[in-house]
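First comes the structure, then the notes that go with it.
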């Protein structure tokens, strides 16, 4: 009777451990995205992503497909959650509606290697994580 959703393993997909979602800056969306990732929250991970200039949530069927694909993979990285406690990202390079993370400063430092290969794109006033 709950309105919460669950993935195929029956595990809840609420965002209690992922923290609040913030899409106001490239750094904020990347922090939210990584937090959702190590919390195992595939639905939030997907809702913060874009592909080909569109938010995944705006493409019919894409968010559902993304969630089903990514959630099982997230179980493998949940143990990294402790390594990302207190994550802070600063210094994204913003050009118009795109941002890169190659020269960011992160705390913990190992997060810089993780985020460097991603970009962010601004769509409808909100930032989303994207690849390449």
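Residue numbers (the numbering used here): -19 to 112. Beta carbons are placed, not taken as given, at the ideal position from N, Cα and C, and that holds for glycine. Keep in mind it's a predicted model, so treat the numbers as computed, not measured.
One thing to note: residue 26 has its Cβ within 8 Å of the Cβ of residue 43. Listed in chain order, the beta strand (DSSP E) elements of length 3 or more contained wholly in the stretch 24 to 92 are 68 to 70, 73 to 75, 78 to 80, 85 to 87. Going by beta carbons, residue 87 and residue 66 fall inside the 8 Å limit. With respect to residue 54, residue 10 sits apart: the two C-beta atoms are not nearer than 8 Å. Taking 8 Å as the upper bound for CB-CB distance, residue 109 and residue 28 are in contact here, some 6 Å apart.
A Cβ-Cβ contact shorter than 8 Å links residue 85 with residue 70.
Of the residues assessed, residue 90 falls on the exposed side of the cut-off, its CB having fewer than 16 other CB atoms within 10 angstroms. Assignment of residue 19 by DSSP, reduced to helix, strand and coil, places it in the helix class.
Ranked by how close their Cα comes to the Cα of residue 107, the residues 83, 82, 72 have 72 in first place. In this structure, residue 51 lies away from residue 15, with their beta-carbon atoms at least 8 Å apart. Residue 99 counts as buried, since no fewer than 16 other beta carbons sit within 10 angstroms of its beta carbon.
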